[in-house]
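K.L.:
Take a look at the following structure, please.
There are 6 protein chains.
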Amino acid sequence: MLELDAERYWRFIGAQEGYDGARAVIVGAPLDTTMTFRAGARHAPREIRQFSWVLEEYSPRLGRDLGELRFCDLGDLCLPWGNVREGLRRIRETAERLLRDGKFPVFIGGEHLVSLPIVEAAVERYPGLVVLQLDAHADLLDEYLGERYSHATVMRRVAEVVGGENVYQLGIRSGAREEFEYGRGHTHIFLHEVLRPLEKIARTLDGRPVYVTVDIDVVDPAYAPGTGTPEPGGCSSLELMEAIYLLRGLHVVGFDLVEVNPVYDLSGRTAVLAAKVIREMLLVWANGARPEE
Amino acid sequence: MLELDAERYWRFIGAQEGYDGARAVIVGAPLDTTMTFRAGARHAPREIRQFSWVLEEYSPRLGRDLGELRFCDLGDLCLPWGNVREGLRRIRETAERLLRDGKFPVFIGGEHLVSLPIVEAAVERYPGLVVLQLDAHADLLDEYLGERYSHATVMRRVAEVVGGENVYQLGIRSGAREEFEYGRGHTHIFLHEVLRPLEKIARTLDGRPVYVTVDIDVVDPAYAPGTGTPEPGGCSSLELMEAIYLLRGLHVVGFDLVEVNPVYDLSGRTAVLAAKVIREMLLVWANGARPEE
Amino acid sequence: MLELDAERYWRFIGAQEGYDGARAVIVGAPLDTTMTFRAGARHAPREIRQFSWVLEEYSPRLGRDLGELRFCDLGDLCLPWGNVREGLRRIRETAERLLRDGKFPVFIGGEHLVSLPIVEAAVERYPGLVVLQLDAHADLLDEYLGERYSHATVMRRVAEVVGGENVYQLGIRSGAREEFEYGRGHTHIFLHEVLRPLEKIARTLDGRPVYVTVDIDVVDPAYAPGTGTPEPGGCSSLELMEAIYLLRGLHVVGFDLVEVNPVYDLSGRTAVLAAKVIREMLLVWANGARPEE
Amino acid sequence: MLELDAERYWRFIGAQEGYDGARAVIVGAPLDTTMTFRAGARHAPREIRQFSWVLEEYSPRLGRDLGELRFCDLGDLCLPWGNVREGLRRIRETAERLLRDGKFPVFIGGEHLVSLPIVEAAVERYPGLVVLQLDAHADLLDEYLGERYSHATVMRRVAEVVGGENVYQLGIRSGAREEFEYGRGHTHIFLHEVLRPLEKIARTLDGRPVYVTVDIDVVDPAYAPGTGTPEPGGCSSLELMEAIYLLRGLHVVGFDLVEVNPVYDLSGRTAVLAAKVIREMLLVWANGARPEE
Amino acid sequence: MLELDAERYWRFIGAQEGYDGARAVIVGAPLDTTMTFRAGARHAPREIRQFSWVLEEYSPRLGRDLGELRFCDLGDLCLPWGNVREGLRRIRETAERLLRDGKFPVFIGGEHLVSLPIVEAAVERYPGLVVLQLDAHADLLDEYLGERYSHATVMRRVAEVVGGENVYQLGIRSGAREEFEYGRGHTHIFLHEVLRPLEKIARTLDGRPVYVTVDIDVVDPAYAPGTGTPEPGGCSSLELMEAIYLLRGLHVVGFDLVEVNPVYDLSGRTAVLAAKVIREMLLVWANGARPEE
Amino acid sequence: MLELDAERYWRFIGAQEGYDGARAVIVGAPLDTTMTFRAGARHAPREIRQFSWVLEEYSPRLGRDLGELRFCDLGDLCLPWGNVREGLRRIRETAERLLRDGKFPVFIGGEHLVSLPIVEAAVERYPGLVVLQLDAHADLLDEYLGERYSHATVMRRVAEVVGGENVYQLGIRSGAREEFEYGRGHTHIFLHEVLRPLEKIARTLDGRPVYVTVDIDVVDPAYAPGTGTPEPGGCSSLELMEAIYLLRGLHVVGFDLVEVNPVYDLSGRTAVLAAKVIREMLLVWANGARPEE
């Protein structure tokens, strides 16, 4: 009828209508409960969608266009505030449903804890699943402020689910001493750097099902100030994108991007960066991976 | 399927799906071209929709609920940047279509200039149309910076369209000397106050078709800091709402709310106020007015 | 030794050292878990303490000085993130301890849910306890997003604890229809206004033990923009303070001030207002009330 | 030559070129040294000039226009940072020069301390000078943090210069107990209110030379959030303007407006309010008063 | 007379008075009409001038001082809001006048569209003019939202004016697929990088008249967050400055710097960077180039 | 008694109670008087302490933990506003006391001028003291706006105290021509770079007592936007930290970190960076240096 854009900004740029025809599916998981220092990750999925429209659908670096992809954006999950367990249950249920339907799941957090239920669902479908974490923080505490389910313990729980030997942690530059000790004994933990260790491990991961979780704070707060626990000394935006290009050939079966907190970034560049990283990851992995074969 | 709220925040609270069944229709008109001091009114419709969810659908003051109303929210018009005339043409076309379909039009600006094409469309359908303006500024210049179509000239143009004798201007507390001289000679212009003059004119307007345009800056910048040209000395939020209740019985045939600029209001209260004013105006007028009878 | 002010800003202005000698005791309860629209109330206690130093210890209106009072400030409770029940348990334990020690409890929230465990503790010590709520929102839902413990249900739970007939709700201007229906049937709910209904009920409350809970959003967002769910149309700062002076003679046995969210107020005036309201409430009630007699 | 506005925003709206022909002279005094809680008043003169262009030159309330006035704007004084005495000396020298040249001085602060050297200069020219202060704070301390020259002691110093019996303090709602005791013994101090006491004293001041100093924090922080020590409970913008209109007939010989701090007001409304108050004061007093006759 | 700095901040640091004696001339062109995502470039010229005073006049890297240069700053052009064509006409007229008078033109935008009329004027004076663009975006669309004159089409129009073979585009990392196809066929377009391609082309440009247009978003948003369409993955501030030093020997005949949007940068560093880049470009090119010879 | 964290955020992370047992001592020196462009450094010590809790006590890069160190945090000095000399006297007195007690002094500014009295105290205890300055600005003016004690003259004064030949200035990229001339003649001044010159001079400094002063603006404003005079073109956060690691073996006898201005950094990353740099400097130097031996 009229020339209106009722929904333009409410979907990720390039997303098409219709779940059934979609290969990849974006879901927002605005969990924002266990962050101690400051909250606001709940606003991330909407903000990232809105700022994705600053970008183009075309990636000159990849020479590909979101228009070549079949993907939809379902919006945000309804999560109960103050009830972490129930929130995790709903995220898991959703991830299971997507995987059962043969979709490539793309979750936008929310705090890092959202990765746990998705990994739980993914490892059931893809035994031997590898989890590749790009992050400033080890997130390997066993308990945090008396709680076992927290943004600060999430990778410990993930390691328990998929086996520490299947967890690769890159860019890590903050954690308690005990976390690094645990990491050295159980996971593959790499300090500070992202690109160099990836070059080493890329071959090892070849052919195995990989789930990628990107905590935006792996990037230096100069590039991504809008995050819950900014940790100076991270990589640049370009290095993060190079890391994705480097892993182009991997059998990635899903990914999430977490810990954007738009409240603390007036410029919006954290959300734009998140959107660009999601666009590049979609273009690199969402078409290529063929989970059903 | 999944419990998702993909579109929750992208519609005004309580808006239903479906144009055909709707009695009132919300359209965003993010025109944002002629403001000199600062731009940003383009963000208003989306911000107002999003912040409408801070409110409830129920108005305790009116004892009514948006759920009792049939109204939809079409989203924002696509306006060409830098081409004011074409933008105005599209707004007019949309207003004409809504009126032709028997709808009650609700436009969310955008700058004040958006009122002009809506009034042009409305006066064709409702001869003898009265325009009731709540505003801090007279907007009665003939030209502004050499342009005849501007936020500073809009009510002069409106007066030319409907006849100055059908224009009622309330709360006006800023303008050039020539504007007040023009106002005194041609329109009904009331300085500073809103409620008292309304009490006087309410009876005069009884039974006549009335279009209401609310420039949010009629309210003091303490209550509505997010606006393009804040003018100290305005009324309170409550007074603006009392004005609406006072005019409950009028035959209002449509309204707009303009000049919210969310960029300059960190708290979001300007957008919440705009949403609340829209909710109350919808509850008071959108059901009662029966343009077709 | 050296002239240092290590702790100046970390205590409420005028607070003395030493729990034992104190008559009134300030505790921060940074619960910030169930707010849906935006989080940040966790930062309130610290911000309010810091901004209390903008004020003087002396109240010219009351002619009294905080120096005449014996009160201390214990700092903030350690609350587990993401575990609402455990958080409520700790607040209750603290309130019980304070009351057992004959103290006058002053809690700084955090979200409104913190009032519940304090009231639970207070009603055990003061049977027949009246709860006086100054708030924009009724908070009378039975469940909110599937949860029974939420900022939106807190007064329903409070009414269940002390009996609805002992709950007085003032300034209420937002809620679902069902909340007002519940309120009319069970509590004393007064729409919009604060001062006039207080004048009516002041005598009724005379001599009875009263707990006061102030949600800062009872004040209009013009005066208190830093809050989680700003609702236009509230009273002014002065009216809130007049309400306190009006209730000077009551037997108040404790109070809280909740829902300040400093993240959304660049000017800091919400925190200063909260500090001033706390100062006046301390001066009016914390000395006079003698719970042990 | 070219159509450029090189200097438009760098002068107060309506200011003409040329010192010699001017009756009133605006000078910025960006002193910003003794504020403890937060600095930024140095930015006020420029910000107020820039935001004065949001206004019109015409005041509909007064029916007068800045174009009818002869006044110029000299820009800001160069003040040495960290040397309060030298800064005060320069302000005094400037004020003396303006008064010697028969000008009507208008100073834009800076912190409140700037009033002292202007009053020192004015009382020499106008023996029996009355100082009328609109302010939230008494500023009557004898020393503040060991210093005698401070924003917190300025009115004590002023009282010493002109005699406490010639000092009228209105709107005062904050101060130490000793300040109010001093005020009651030495100056005319009026708590909280502005308009009512003015009505009382207006006649007393009739015919006497009056210097007016407006601390923007006399207005509630809802209306003027951009200030150094926001104190809740002040008057509204309208009340401040009514106070000026009320004093229309006085023999005012100069005025200042101080303590705007634009850093803490994203909306700019504090600066617009300051500009509007200056415009009205110029229109009311700068033409009418004829000190030389 | 008095020690005042009325105009200090209203001119670019080091600018001298007097058009006639000036070799280089700064003009602000606050065009801000066609940006879709967010407006605010209109504030850039003033903000950049003001923040230029954070810098010194001396460049330690170049060993030169603005004091050695003869240049003036005329302030901002008066542009009609909402009438792009007329705005472009005025900019062109100004550029023609400057070039006719033998000046070295320096324009501060405003949006990128301002480059077009300057290039139109420059190519008439300097046939064979090369346009060197440092930018994140190709800006090569033929139409954008139905308009041919837009920030998104500006380089397409420029290419039509000077011939695509005379357009060099560096740092480009965003655009639609069709833009890159057009670029590859018509202009010299270089992806992502700035320094390396410049080294290649510097010799080619030797001796030819070159106009340089710097879109501040060529730099990563970490360094320049205050811009209309932030695109992650850009170069650093230092790289941009190195690019300028690299091109030291070129026959540059004028330059512009566009797309700073101060509204989204609380720190002001985008404006300081812009001012520094302008200072270095002035020192490198404005003296050396001798257009009349 | 109760589980409270009254003082958690008011001390630097890991700081222990008790001055006597402490080896290193943190003192805040919120001097904020001579900055011309913008004030706010007074807020830095508190902000840095608060944001230090975003970090961990453990440094994975160094493999050390603040728990291994004995250090306390005394809070902030009380400085008189507007009296620079008295402020400097108090800082000096404090530094003398710390050194007399055999402590390793750690000062958090405040503006850069705070370094002068500390150096004065330190050179008395450590004859031949070397001062190592990491900074964007030379700070070598003899007078600034007529004052000899200013943030812009501090290193000139320091050079006079310890001898220019003992002053090493790194990362310098801004200053008047005369400053660089003075620097070349008197101090060791290195342009732009930090790491490379450090490698050269590290050996020269071996065994000599060194005082380190870090002006946060040595880092690019992308990484540290919250500072008084942002100067584009600085090093990255990582490079600053590498500089510290490089100087691990030096006999550092104290350090300060100055010029953080939190008012202009919404994200808080400048304060986190400052806290991290302080943590690393504490871990590297505060244990190893043994001034008494």
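Residue numbers (our numbering), protein chains in the order written: chain A, 988 to 1280; chain B, 988 to 1280; chain C, 988 to 1280; chain D, 988 to 1280; chain E, 988 to 1280; chain F, 988 to 1280. Cβ atoms here follow ideal geometry from the backbone N, Cα and C, with glycine treated the same way.
1) Could you compute how far the alpha carbon of Arg1079 of chain F sits from the alpha carbon of Ile1105 of chain F?
2) Which residue or residues does DSSP assign as beta-bridge partners of Thr1200 of chain A?
3) Can you tell me whether DSSP reads Gln1003 of chain B as helix, strand or coil?
4) Does the stretch 1010-1023 of chain E come close enough to the stretch 1031-1050 of chain D that 3 or more CB-CB pairs lie under 8 Å?
5) Using only alpha-carbon positions, find the residue among E:Tyr1113, E:Ile1265, E:Arg1072 that is nearest to Ile1203 of chain E.
6) Where Ala1031 of chain F and Pro1249 of chain F are concerned, what is the direct C-alpha to C-alpha distance, given to the nearest angstrom?
7) Give a yes or no on whether 8 Å exceeds the smallest Cβ distance from Ala1261 of chain E to chain A.
8) Straight-line CA distance for Gly1151 of chain B to Thr1140 of chain B?
9) Give me the residue from E:Leu1234, E:Pro1208, E:Glu1165, E:His1099 with the minimum Cα distance to Ile1188 of chain E.
10) Between which residues of its own chain and Tyr1136 of chain B is the CB-CB distance below 8 Å, once the five residues before and five after are set aside?
11) Which residues share a DSSP beta bridge with Ser1161 of chain B?
12) Using a 10 Å radius around the Cβ and a threshold of 16 neighbouring Cβ atoms, would you call Arg1256 of chain C buried or exposed?
13) For Glu1180 of chain C versus Ala1125 of chain C, is the C-beta distance shorter than 8 Å?
14) Once the 5 residues before and after Leu1121 of chain C are set aside, which same chain residues still bring their CB inside 8 Å of it?
15) Buried or exposed: Tyr1155 of chain C, going by 16 or more other Cβ atoms within 10 Å of its Cβ?
16) Determine whether the beta carbon atoms of Asp1252 of chain A and Ser1254 of chain F lie at a separation below 8 Å.
17) Span of the beta strand (DSSP E) holding Gly1015 of chain A?
18) What does the Cβ neighbour count give for Glu1280 of chain F, buried or exposed, with the cut at 16 atoms within 10 Å?
19) Which residues, in chain order, does the stretch 1019-1051 of chain A contribute to contact with chain C at a C-beta distance below 8 Å?
20) Would you tell me roughly how many angstroms separate the C-alpha atoms of Thr1214 of chain A and Gly1005 of chain D, rounded to the nearest one?
21) Relative to the alpha-carbon of Ser1224 of chain E, which residue among F:Tyr1113, F:Pro1208, F:Gly1194, F:Val1148 has its alpha-carbon at the smallest distance?
22) Go through the stretch 1077-1148 of chain E residue by residue and report every complete run of the alpha helix (DSSP H) that reaches 4 residues or more, in order.
23) Nearest-angstrom Cα distance between Val1110 of chain D and His1138 of chain D?
24) Could you give the distance in angstroms between the alpha-carbon of Val1148 of chain A and the alpha-carbon of Glu1107 of chain A?
25) Does DSSP put Pro1278 of chain E in a helix, in a strand, or in coil?
26) With distances taken Cα to Cα, identify the nearest neighbour of Ile1095 of chain E among E:Asp1019, E:Pro1196, E:Gly1236.
27) What is the rounded straight-line gap between the Cα of Arg1195 of chain F and the Cα of Arg1112 of chain F?
28) With H, G and I counted as helix, E and B as strand and the rest as coil, what does DSSP make of Asn1248 of chain E?
29) Using the DSSP secondary-structure output, state which residues sit across from Tyr1045 of chain A in a beta bridge.
30) Are there 16 or more other CB atoms within 10 angstroms of the CB of Arg1277 of chain B, so buried, or fewer, so exposed?
31) What runs of the alpha helix (DSSP H), each 4 residues or longer, lie entirely inside the stretch 1205-1235 of chain C?
32) So with Cβ pairs under 8 Å, would you call Trp1068 of chain F a contact of chain C?
33) Using CA atoms only, rank isn't needed, just tell me which of C:Leu1127, C:Asp1052, C:Arg1087, C:Thr1216 is closest to Asn1274 of chain C.
34) Compute the distance between the beta-carbons of Glu1044 of chain B and Gly1001 of chain B, then report whether it is under 8 Å.
35) Is it the case that the Cβ atoms of Glu1055 of chain E and Ala1123 of chain E are separated by a distance below 8 Å?
P.N.:
In short:
1) Here residue 1079 of chain F is taken as the residue at index 92 of the sixth sequence, counted from 1. Here residue 1105 of chain F is taken as the residue at index 118 of the sixth sequence, counted from 1. Whole-angstrom Cα-Cα distance: 6 Å.
2) Residue mapping note: residue 1200 of chain A aligns to position 213 of the first sequence, counting from 1. For Thr1200 of chain A, DSSP records a beta bridge to A:Gln1120, A:Asp1243.
3) In the second sequence, the residue the question calls residue 1003 of chain B occupies position 16. Residue state, collapsed to three classes: coil.
4) no
5) For the purposes of this step, residue 1203 of chain E is taken as the residue at position 216 of the fifth sequence. Nearest C-alpha to Ile1203 of chain E: E:Ile1265.
6) Counting from 1 along the sixth sequence, the entry for residue 1031 of chain F is found at position 44. Counting from 1 along the sixth sequence, the entry for residue 1249 of chain F is found at position 262. Rounded to the nearest whole angstrom, the C-alpha separation of Ala1031 of chain F and Pro1249 of chain F is 6 Å.
7) Mapped onto the fifth sequence, residue 1261 of chain E falls at position 274. No, Ala1261 of chain E does not count as interfacial toward chain A.
8) What you label residue 1151 of chain B is simply residue 164 of the second sequence in a count that begins at 1. What you label residue 1140 of chain B is simply residue 153 of the second sequence in a count that begins at 1. Near 14 Å, if we compare the C-alpha coordinates of Thr1140 of chain B and Gly1151 of chain B.
9) Working through the fifth sequence from its first residue, we reach residue 1188 of chain E at position 201. When only C-alpha atoms are compared, the closest one is E:Leu1234.
10) Counting from one through the second sequence, the residue named residue 1136 of chain B turns up at place 149. Within the same chain, Tyr1136 of chain B has close Cβ partners Thr1021, Val1071, Arg1072, Leu1075, Leu1100, Leu1103, Arg1144.
11) Taking the first residue of the second sequence as 1, we reach residue 1161 of chain B at position 174. Ser1161 of chain B is bridged to B:His1124.
12) Numbered from its first residue, the third sequence carries residue 1256 of chain C at position 269. Answer is buried; the Cβ neighbour count reaches 16.
13) In the third sequence, residue 1180 of chain C corresponds to position 193, counting from 1. In the third sequence, residue 1125 of chain C corresponds to position 138, counting from 1. No, they are not a contact pair.
14) Position 134 of the third sequence, counted from the first residue, corresponds to residue 1121 of chain C. Excluding positions up to five away in sequence, the list reads Leu1157, Gly1158, Val1181, Val1199, Thr1200, Val1201, Asp1202, Val1205, Leu1227, Ala1230.
15) For the purposes of this step, residue 1155 of chain C is taken as residue 168 along the third sequence, with counting starting at 1. Buried, by the Cβ-count rule.
16) Walking along the first sequence from the start, residue 1252 of chain A turns up at place 265. Walking along the sixth sequence from the start, residue 1254 of chain F turns up at place 267. Their beta carbons are under 8 Å apart, which means Asp1252 of chain A touches Ser1254 of chain F by this criterion.
17) Walking along the first sequence from the start, residue 1015 of chain A turns up at place 28. 1011-1016 is the extent of the beta strand (DSSP E) around Gly1015 of chain A.
18) The residue you call residue 1280 of chain F lines up with position 293 of the sixth sequence. At Glu1280 of chain F the pLDDT is 34, less than 50, meaning the model places this residue with poor confidence; the figure from the coordinates comes in the next sentence. Burial call: exposed.
19) Asp1019, Thr1020, Thr1021, Met1022, Thr1023, Arg1025, Ala1026, Gly1027, Arg1029, His1030
20) Taking the first residue of the first sequence as position 1, residue 1214 of chain A is located at position 227. Taking the first residue of the fourth sequence as position 1, residue 1005 of chain D is located at position 18. Distance between the alpha carbons of Thr1214 of chain A and Gly1005 of chain D: 53 Å.
21) By one-based count along the fifth sequence, residue 1224 of chain E stands at place 237. For the residues F:Tyr1113, F:Pro1208, F:Gly1194, F:Val1148, the minimum Cα distance to Ser1224 of chain E belongs to F:Pro1208.
22) 1102-1112
23) Start at 1 with the first residue of the fourth sequence, and residue 1110 of chain D comes out as number 123. Start at 1 with the first residue of the fourth sequence, and residue 1138 of chain D comes out as number 151. About 20 Å.
24) Sequence index remark: in the first sequence, residue 1148 of chain A carries index 161 (1-based). Sequence index remark: in the first sequence, residue 1107 of chain A carries index 120 (1-based). Distance between the alpha carbons of Val1148 of chain A and Glu1107 of chain A is about 7 Å.
25) The residue given as residue 1278 of chain E occupies position 291 in the fifth sequence. Bear in mind that a pLDDT of 37 at Pro1278 of chain E, under 50, signals an unreliable position, so the number given afterwards is only what the model happens to contain. Residue state, collapsed to three classes: coil.
26) Here residue 1095 of chain E corresponds to residue number 108 of the fifth sequence, with the count starting at 1. Cα-wise, what sits closest to Ile1095 of chain E is E:Asp1019.
27) Counting from one through the sixth sequence, the residue named residue 1195 of chain F turns up at place 208. Counting from one through the sixth sequence, the residue named residue 1112 of chain F turns up at place 125. Those two C-alpha atoms are separated by around 13 Å.
28) Taking the first residue of the fifth sequence as 1, we reach residue 1248 of chain E at position 261. The answer is coil: DSSP assigns Asn1248 of chain E none of H, G, I, E or B.
29) Along the first sequence, read from residue 1 onward, the residue named residue 1045 of chain A stands at position 58. DSSP, once it has assigned bridges, lists A:Asp1052 as partnering Tyr1045 of chain A.
30) Within the second sequence, numbered from 1, the residue matching residue 1277 of chain B stands at position 290. With a pLDDT of 40 at Arg1277 of chain B, under the threshold of 50, the predicted position of this residue should be treated as unreliable, though the coordinate-derived value follows. Counting Cβ neighbours within 10 Å, Arg1277 of chain B comes out exposed, since fewer than 16 surround it.
31) DSSP runs (the alpha helix (DSSP H)) wholly in the stretch 1205-1235 of chain C: 1224-1233.
32) The count along the sixth sequence starts at 1 and reaches residue 1068 of chain F at position 81. No, because no Cβ of chain C sits closer than 8 Å to the Cβ of Trp1068 of chain F.
33) Position 287 of the third sequence holds residue 1274 of chain C. Comparing Cα positions, the closest option is C:Asp1052.
34) On the second sequence, position 57 is the one that residue 1044 of chain B refers to. On the second sequence, position 14 is the one that residue 1001 of chain B refers to. Cβ distance < 8 Å, so Glu1044 of chain B and Gly1001 of chain B count as in contact.
35) Within the fifth sequence, numbered from 1, the residue matching residue 1055 of chain E stands at position 68. Within the fifth sequence, numbered from 1, the residue matching residue 1123 of chain E stands at position 136. When the beta-carbon positions are compared, Glu1055 of chain E and Ala1123 of chain E stay at least 8 Å from each other.
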